[in-house]
Each structure stands twice: as structure tokens, then as C-alpha cells.
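Colleague:
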Amino acid sequence: MNWALTIGRIAGTRIRLHITFLLFLAWIGIADYLAGGPAAAIESIVFILLVFLCVTLHEFGHIAMGRRFGVNTPQVILSPIGGIAAMERMPEKPRQELLVAIAGPLVNVAIALVLMAVFGLGLRQIASIDFDNATLAERLLIVNLVLIAFNLVPAFPMDGGRVLRAMLAMNMGAARATVLAARIGQGFAMVFFVLGLLWNPMLMVVGVFIYFAAGAEEQQAAFTGFAARLTVGDAMEPSPVVLQAVQPVSTAIDALLASPQKEFPVLDAASHIVGLLDRDQMILCLRDRDAGVPVGEVMRDCEPLLPGEPLGEAYSRMRGRGANAEVVADGAGRVIGLLTAENVAEMMMVESARPGWRFRRN
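See below:
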């Protein structure tokens, strides 16, 4: 199920609302309607929408800065715990990552300064604001100040954590900086979780998100360092069993049961690669159609890789298409191997146990 709805597009980036955001908005509206009537409900909904406009502008600060360094952002997702700019990657240079990370909070600084200038709000007035009785402009100002402070907490992968990682990377390298920043981020996640137990349950949700996101970033950094010295040819499974497009699915089932291979390159009569058939497609065919259906009717398209391609780039493309495997072909278009997510994961386990292991698969 797709849990996010696209509501617009700006400069090539889709703006999407997570379904939980709509549920949150409905809950706020209903609660305030029951407590204070239609006017209270409308006021609360308008305030929440303006807050998330500020959050969206914050994310587009990251997006605009990233674009300066050649990083595209296909979409930004808004949820009750904030916005997530799904950038294709972070810049490799620490200084560039620092600028991308700080760009979001700087947008909130700009919004706060505009609100202070337009509505004549000084620092002394801000300190004395009663949030429950404040005007809409005063409440928005307070929210932006909170967003600035919260996002600069050095809890990786939040903005402050990315700033920390970038600064550490300037002195100790990206891999060590990511590990240290991730551990610090997970420490802050535990603090948020405990504060959530004592004060606000939303902090528990934030803490859980940060904890697992920091772990995922650490794993991604480990993969990047591991893959930097390898090619597709180093990681592929050589000499896979192949199928002909005209063969029935029953033949593919026999091949599946006779070997540990789960994905099979498919060739036409001239031995050209035309697709890839995996175990799930076979099972679906058996359940919904017939074992006599030709392989060519149930296979999926493929984009063959070359053995000399850098592993990191090739693997990212493959996973970006949602594929668990891809065909590897030589310069003449002959099948010479398979790159699989399972095999790469096993190599990562070896690398974790013995860093720098020399893989001699082919």
C-alpha cells in the first residue's frame, strides 16, 4: 500500500503527504471542534498547515543547496513528526554536506526574522509570550525558533547530526565520522525516548526513528567504504543457469529446485538477454496461471551490468529499481554472472568479520 499522497511538484521534486499527517490533522480538527466549536477547529487547522509550510520550506532549503552540488531530490514526504527530503545521496565532500545540512535551519532563521520584522516582535517580547494566548504570528515565530533549536541537536541523522558528521569527517575521514556520529545519534535517541516516557509521547516516536535511522546510515556508510574497492565482477555469482524465453515455467521450477539460484537470466533464440525470472514470479505464475506458460511471458525486464562497473554505483541502481538481482554481461552481451543482494550481504558479513578481506571470486 502506498502510504503517501502526491499533492504537488516544485522544480522536479514531488511534495507528498503521509496518510498519518491527514489523520493527525483530522484528529486536531475534531478535538478542537468538540472543545471550542468551528472557529477553534479552523484556527488550529490553519496553524498546523502554516507550521508544515515552514517545515516544507525547511526541506526545500536542503533541496536547493543539494542541487547546487548536483544532488537531486525526487520527493519530500511530510508526516506528523516532520519532513523528509528523499535526496538521492549526500554530497561526498564534508564541506558540501555541512552546507546542505545547515541550509534547512537557516530557512527557519529567515522565517523567524521576517516574522519579527513584520510584526515588530523583539527578543524581550518573545521571552514573555504565552503560547496558549499568543497571536498566530507569535505562535509561528515560537515554532520556528523551536525548529531551529531542535534540528541543531547533534543527533545524527538530524540536521545537527549531519553538521557534526561533516565536521568530524574533515579530520578523521567519512567512515569513522559516520560511525561516531551514528553512535552519538543513538545516544540522543535514547534520551528522547526516556523524555517521551516522562513528558511527551511524540518524543518517543522521534527517538525510535532517530535510533534506527542512525543505524541505517552507519550500515550504508560501511557498504560505501566496502564497495569502493570492488567491481561488479568481484561480487557477482559466476556462470549462472540460464533459461530460454520459450521454455515453460515448469522448467524454471525444476532449475530452481536443483540449485541454490533464485534468479535466472532469460535468453531468446539468438542467445540475447531479454529478461530475468525470479522465484516470486514463478510462484505467482503457478498460483494464478499455469506451469506451461512460457518463461518469456512472466519474466521481468533487466538492465545488464558490466563486470568492470564500480560495485557501489551498480548496486545502488539495482536496488533503486527495487530489484534483488541483475544480470552481468560481457562486452559481447553474453551472460557471465548474476549480481544479487543476498551475495552482497554475505560479502558484507565477511568484511565485517575481517576488514579488508581480498575477495577472489572470479
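Residues 156 to 517, numbered by our numbering, are exactly what the sequence shown covers, in order.
Glycine residues also receive a C-beta, built at the ideal position from the N, C-alpha and C atoms.
Classify Leu460 as helix, strand or coil using the three-state DSSP reduction.
Modeller: strand
Colleague: Identify whether Met156 lies in helix, strand or coil by the three-state DSSP scheme.
Modeller: Below a pLDDT of 50, predicted positions are generally treated as unreliable, and Met156, at 46, falls in that range; the measurement from the model is reported next regardless. Coil at Met156, not helix or strand.
Colleague: Going by beta-carbon coordinates alone, are Ile284 and Gly316 separated by less than 9 Å?
Modeller: no
Colleague: Let's see if you can read the secondary structure: which residues bound the alpha helix (DSSP H) around Gly477?
Modeller: Counting along the chain, Gly477 falls outside any alpha helix (DSSP H), and DSSP gives it neither H nor E.
Colleague: Does the beta-carbon of Pro420 have 16 or more other beta-carbons within 10 angstroms, so that it is buried, or is it exposed?
Modeller: It is buried - the Cβ of Pro420 has at least 16 other Cβ atoms within 10 Å.
Colleague: When the Cα atoms are used, what is the spatial distance from Leu205 to Leu295?
Modeller: 8 Å
Colleague: Whole angstroms are fine: how far does the CA of Phe179 sit from the CA of Glu293?
Modeller: 23 Å
Colleague: Whose CA, out of Arg474, Ala400, Ala329, lies closest to the CA of Ala376?
Modeller: Ala329
Colleague: In the DSSP output, which residue or residues are listed as bridge partners for His173?
Modeller: In DSSP, His173 forms a bridge with Ala159.
Colleague: Assuming Ala425 and Pro459 form a contact by the criterion Cβ under 8 Å, report the distance between their Cβ atoms to the nearest whole angstrom.
Modeller: Not a contact, Cβ separation roughly 15 Å.
Colleague: Sort out for me which residues DSSP pairs Arg164 with in a bridge.
Modeller: Answer is Arg169.
Colleague: How is the beta strand (DSSP E) around Asp409 delimited, first residue to last?
Modeller: Not the beta strand (DSSP E): Asp409 falls in the alpha helix (DSSP H), residues 404 to 413.
Colleague: Let me confirm a value: Met357 is counted as buried when at least 16 other C-beta atoms fall within 10 Å, else exposed. Which label applies?
Modeller: Met357 is exposed by the Cβ-count criterion.
Colleague: Roughly how many whole angstroms lie between the Cα atoms of Ile203 and Trp182?
Modeller: 12 Å
Colleague: May I ask you to report which of helix, strand or coil DSSP gives Val401?
Modeller: coil
Colleague: I'd like to confirm the pairing. Which residues does DSSP put opposite Ala484 in its beta bridges?
Modeller: Val490
Colleague: Using the three-state DSSP reduction, which class does Val453 fall into: helix, strand or coil?
Modeller: coil
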